[in-house]
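Per UniProt numbering, the very first residue in the sequence shown carries number 1; after that it's consecutive. Here is the structure we will look at.
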Amino acid sequence: MHGEYKVPGGKLVVVDFDLEDGRLRHALVSGDFFLEPDHALERITTALNGLPAHLEARDIAARIDAQLPPGTMMLGFSAEAVGIAVRRALTDASDWRDYDWRLVHEPPQDPALHMALDEVLTEEVGAGRRPPTLRVWEWAAPAVVIGSFQSLRNEVDAEAARRHGVTVVRRISGGGAMFIEPGNTITYSVYAPATLVQGMSFADSYAFLDDWVLGALGELGIRAWYQPLNDITSDQGKIAGAAQKRLSSGAVLHHVTMSYDIDADKMLDVLRIGREKLSDKGIKSARKRVDPLRRQTGLPRSEIIDRMIGHFRGRYGLTGDRLTAEELSAAEKRVAGKFGTDEWTARVP
Numbered sequence: 001m002h003g004e005y006k007v008p009g010g011k012l013v014v015v016d017f018d019l020e021d022g023r024l025r026h027a028l029v030s031g032d033f034f035l036e037p038d039h040a041l042e043r044i045t046t047a048l049n050g051l052p053a054h055l056e057a058r059d060i061a062a063r064i065d066a067q068l069p070p071g072t073m074m075l076g077f078s079a080e081a082v083g084i085a086v087r088r089a090l091t092d093a094s095d096w097r098d099y100d101w102r103l104v105h106e107p108p109q110d111p112a113l114h115m116a117l118d119e120v121l122t123e124e125v126g127a128g129r130r131p132p133t134l135r136v137w138e139w140a141a142p143a144v145v146i147g148s149f150q151s152l153r154n155e156v157d158a159e160a161a162r163r164h165g166v167t168v169v170r171r172i173s174g175g176g177a178m179f180i181e182p183g184n185t186i187t188y189s190v191y192a193p194a195t196l197v198q199g200m201s202f203a204d205s206y207a208f209l210d211d212w213v214l215g216a217l218g219e220l221g222i223r224a225w226y227q228p229l230n231d232i233t234s235d236q237g238k239i240a241g242a243a244q245k246r247l248s249s250g251a252v253l254h255h256v257t258m259s260y261d262i263d264a265d266k267m268l269d270v271l272r273i274g275r276e277k278l279s280d281k282g283i284k285s286a287r288k289r290v291d292p293l294r295r296q297t298g299l300p301r302s303e304i305i306d307r308m309i310g311h312f313r314g315r316y317g318l319t320g321d322r323l324t325a326e327e328l329s330a331a332e333k334r335v336a337g338k339f340g341t342d343e344w345t346a347r348v349p
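Structural data, given as structure tokens:
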């Protein structure tokens, strides 16, 4: 069996082994990582040999850690990365390059339609009717997008939202509220088969699915990294927030909102950002939580998007595509029956 795992921001870990009577045998670990001392590699393979195949990545990592000699230095990978590679081999996980990725970048659309498209396109990928897809959003109106489980009244000042002409919508994924203004936000979704993140914990899959973005930001001169669970940040502040939803149809939705520019005063007027959240982030002012890409790069929003798309294409391949009439019709019906209704938006009052 053969499993690979590219550590986000790190190195490739490859594990080959035989499976005999439900246990790992003849294990071989390789990759472009750094490891000292040399004989620690033998300790890793010793720890793998004989392990029950049902163990999760964290349990495999614990067995490896127990075998490592004192003072071992693992650079670009970890014991858990080895465990993930093992799990991906056992679960027949797929790789980015196994797919013919499609790009959808449509003209501006209403906030509720974006919510519906996320659900529809994820289902279409899960059903095999659409190839895995990267969709870049364009917004037709300012919006606040709240997480699936957030309280509407606790997150949004309804009167301020009306005063500023901000539409409030609820997405199907969890996480926090996002303040959106057309032209000031970069939003994208990845719709992929669940096999792409097979063997990974929910937390590991966040960084894995956005590793390409960190590479794209690096090419733009921004040193960015993942701040668990779901933030992309830099030494100058938070850049983006991610959210994810896995459907029973066998597909995963991963979407990210990045701040190109921001009207901090308007955002703070519309969002009810509490002291608890600010203290959790270890900061004193919400204005310091988000650092716009415009200031860090000096580039137009459109150029940043083009360069992000180009980076994805260079890594994994990407073919231009459009929404089908059937997909758009299905999304419009869900706006009418779900995402555009008060019942959905206020389902957690």
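Beta carbons are placed, not taken as given, at the ideal position from N, Cα and C, and that holds for glycine.
Integer-rounded CB distance, given that residue j should sit under 8 Å from residue i
i           : j           : result
residue 27  : residue 17  : 4 Å
residue 20  : residue 73  : Incorrect: roughly 32 Å between the Cβ atoms, too far for contact.
residue 171 : residue 145 : 6 Å
residue 241 : residue 175 : 7 Å
residue 323 : residue 106 : 6 Å
residue 350 : residue 235 : Nothing about residue 350 can be reported from this structure: the residues present for the chain run from 1 to 349 only.
Residue burial classification, residue i (beta-carbon count within 10 angstroms, cutoff 16)
i           : result
residue 189 : buried
residue 333 : exposed
residue 163 : exposed
residue 327 : buried
residue 248 : exposed
residue 88  : buried
residue 108 : exposed
residue 208 : buried
residue 113 : buried
residue 159 : exposed
Close-in-space but distant-in-sequence residues of the same chain around residue i (CB under 7 Å, 5 per side omitted)
i           : result
residue 225 : 9, 214 and 233
residue 52  : 22 and 23
residue 348 : 149, 150, 151 and 152
residue 40  : 68, 69 and 72
residue 266 : 164
CB of residue i within 9 Å of CB of residue j, strictly
i           : j           : result
residue 212 : residue 180 : no
residue 6   : residue 13  : yes
residue 220 : residue 304 : yes
residue 134 : residue 103 : yes
residue 195 : residue 91  : yes
residue 294 : residue 316 : no
residue 192 : residue 335 : no
Contacts around residue i, its chain only, beta-carbon distance under 8 Å, and the 5 residues preceding and following it disregarded
i           : result
residue 205 : 197, 244, 252 and 254
residue 227 : 233 and 238
residue 25  : 17, 18, 19, 49 and 50
residue 111 : 139, 140, 141, 143, 145, 167, 169 and 180
residue 97  : 316 and 317
Close beta carbons around residue i, own chain, < 6 Å, minus the five adjacent residues each side
i           : result
residue 319 : 102
residue 309 : none
Runs of beta strand (DSSP E) wholly within the segment 214-262 (minimum 3 residues, chain order): The segment 214-262 contains these whole beta strand (DSSP E) runs: 224-227, 231-234, 237-247 and 251-259.
Alpha helix (DSSP H) segments (min. 4 residues) lying fully within the segment 168-215: Contiguous alpha helix (DSSP H) elements confined to the segment 168-215 occur at 202-209, taking only those with 4 or more residues.
Which runs of the alpha helix (DSSP H) spanning at least 4 residues fall entirely within the segment 110-154, listed in chain order? Runs of the alpha helix (DSSP H) inside the segment 110-154: 111-126.
Segments of 3+ residues assigned as beta strand (DSSP E) that fall wholly inside the segment 44-103: Taken in chain order, the complete beta strand (DSSP E) segments of 3 or more residues contained in the segment 44-103 are 73-75.
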